[in-house]
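Okay, so the sequence shown: first residue is -6 according to the numbering used here, each after it adds one. See below for the structure under consideration.
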Amino acid sequence: MVIGVLALQGAFAEHVRVLARLGAAAREVRLPADLDGMDALIIPGGESTTIGKLLVLTELDNAIRARAATGMPIWGTCAGMILLGRNLGDSGSRVGEPQPLLGLMDLRVRRNAFGSQLDSFETTLKVPAVADRPVPAIFIRAPVIEETGPGVEVLARLPDGHPVAARQGRCLATAFHPELTDDLAFHRYFVEVVVAEAVADGRKGGWT
Ligand code: GLN
-6 MVIGVLALQG AFAEHVRVLA RLGAAAREVR LPADLDGMDA LIIPGGESTT
44 IGKLLVLTEL DNAIRARAAT GMPIWGTCAG MILLGRNLGD SGSRVGEPQP
94 LLGLMDLRVR RNAFGSQLDS FETTLKVPAV ADRPVPAIFI RAPVIEETGP
144 GVEVLARLPD GHPVAARQGR CLATAFHPEL TDDLAFHRYF VEVVVAEAVA
194 DGRKGGWT
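Here it is in structure tokens:
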């Protein structure tokens, strides 16, 4: 099993490091051909407008959509979650500055949802699907999910009720940065549950 990590901008090296700690093979993805042979993709945190524009420039946007359509699991953290969504809330993008999105999850996401005072903080979250203990979560100028479509399973919420982790089929989204903590729970969940299910289905002939 090989996990691709989108390496156009942002915190990709940290994901590669955590995957290595888990014993999972990881490769950096910068061009469409780099997706060949990947069993899954992680889209890291960073700056979603920059990553979105580079996705279009490299034509990775269509390549990723095509692989997603064949069932490749994708996990987006923070800016990666913004890119997985279908549309943005009010603070989405400035007029004249289009924000390319992959549109692979039925999420309405609001960027920079915590304002300038509280734009970065650390907390713990209850995520029963992922761990039977609270999971540490680092939010850095983080988005929140404002609305979810019917196929979306919310995995974690903030105390105010906003969803901050969600799964839809083989796509996983977290508003925070598990790769910046010592806690392997989310990477383990992605590799050992989401990706392992997809690989098992593929072996049974369900994944082209
Ligand atoms: N605020 C960033 C954005 O809107 C996301 C920040 C992050 O990925 N840590 O793209």
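Where is the CB? At the ideal position from N, CA and C, for every residue including glycine. If you're wondering where the values come from, they're calculated on a predicted model, not measured in any experiment.
Measure how close the beta-carbons of residue i and residue j come, nearest whole angstrom, since I'm counting them as under 8 Å.
i	j	result
residue -4	residue 17	6 Å
residue 102	residue 81	6 Å
residue 145	residue 179	Between residue 179 and residue 145 the Cβ distance is about 17 Å, and since that is not below 8 Å, they are no contact.
residue 104	residue 136	5 Å
residue 28	residue 56	6 Å
residue 5	residue 37	5 Å
residue 93	residue 54	6 Å
residue 70	residue 171	7 Å
From the DSSP output, which residues share a beta bridge with residue i?
i	result
residue 69	36, 166
residue 158	149, 167
residue 140	101
residue 55	According to DSSP, residue 55 bridges with nothing at all.
Let me check you understand the geometry: is the CB of residue i closer than 8 Å to at least one non-hydrogen atom of the ligand GLN?
i	result
residue 130	no
residue 116	no
residue 109	no
residue 71	yes
residue 8	no
residue 75	yes
residue 146	no
residue 170	yes
residue 96	no
The stretch 39 to 53 contacting the stretch 138 to 152, beta-carbon criterion three pairs below 8 Å: By the criterion of at least three beta-carbon pairs nearer than 8 Å, the stretch 39 to 53 is not in contact with the stretch 138 to 152.
How do the stretch 91 to 99 and the stretch 122 to 131 stand: do at least 3 beta-carbon pairs fall below 8 Å, yes or no? Output reads no: the stretch 122 to 131 does not touch the stretch 91 to 99.
Secondary structure, alpha helix (DSSP H): runs of 4+ residues fully inside the stretch 1 to 27: Fully enclosed alpha helix (DSSP H) runs of 4 or longer: 5 to 15.
Minimum length 3: unbroken beta strand (DSSP E) runs contained in the stretch 112 to 140: Runs found: 113 to 118, 128 to 133.
Decide if the stretch 66 to 73 is in contact with the stretch 154 to 173; the criterion is three or more beta carbon pairs, one per stretch, under 8 Å apart. The stretch 66 to 73, when compared against the stretch 154 to 173, does touch it at the 8 Å Cβ threshold.
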